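Residue numbers for the sequence shown follow my numbering, beginning at 114 and rising by one.
Here a beta-carbon is modelled for each residue, glycine too, at the ideal position from N, C-alpha and C.
All figures in this text were calculated on a predicted structure; none of them were measured in a lab.
Structure first, commentary second.
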Amino acid sequence: MSSATRSDAEVQRDVIDELKWEPRVNPSEVGVAVTDGIVTLSGWVDSYLKRWAAEDAALRVRGVRAVGTRLKCGCLPTTCGPTSTSPPMWLVRSNGTH
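The following block contains the structure:
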């Protein structure tokens, strides 16, 4: 591994830290997994604005090649019932460097 290459564990740690600094996101609502520099976000957020903020935060981290999201938007099933949530989505955004 060259000095320019960051491990998935380093990238994951830094994405989690970046989410903590993003005021629009509650980091406890967002799970972060990283494989080969591709970040997958998962969990529940209550708005698309929060989902986009989480994606943008992940893209700011050095070593992130792309962000895929499985963040579900809407109320938790325990609060609103399963029919009021948006369906799970898979969206990939690249940071433009790869």
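For residue i, which three-state DSSP category applies?
i, result
"residue 199", "Residue placement at residue 199 cannot be trusted, given a pLDDT of 48 that sits under 50; what the coordinates show is reported in the next sentence. Residue 199 falls in the coil class under three-state DSSP."
"residue 183", "strand"
"residue 124", "helix"
How about residue i and residue j: do their beta carbons lie closer than 8 Å?
i, j, result
"residue 129", "residue 140", "yes"
"residue 137", "residue 162", "yes"
"residue 121", "residue 148", "yes"
"residue 180", "residue 131", "no"
Based on Cα-Cα distance, which residue from the options lies nearest to residue i?
i, options, result
"residue 182", "135, 155 and 173", "155"
"residue 146", "169, 175, 124 and 170", "124"
"residue 178", "142, 168 and 184", "168"
Does the Cβ of residue i have 16 or more other Cβ atoms within 10 Å, making it buried, or fewer, making it exposed?
i, result
"residue 157", "buried"
"residue 170", "buried"
"residue 133", "exposed"
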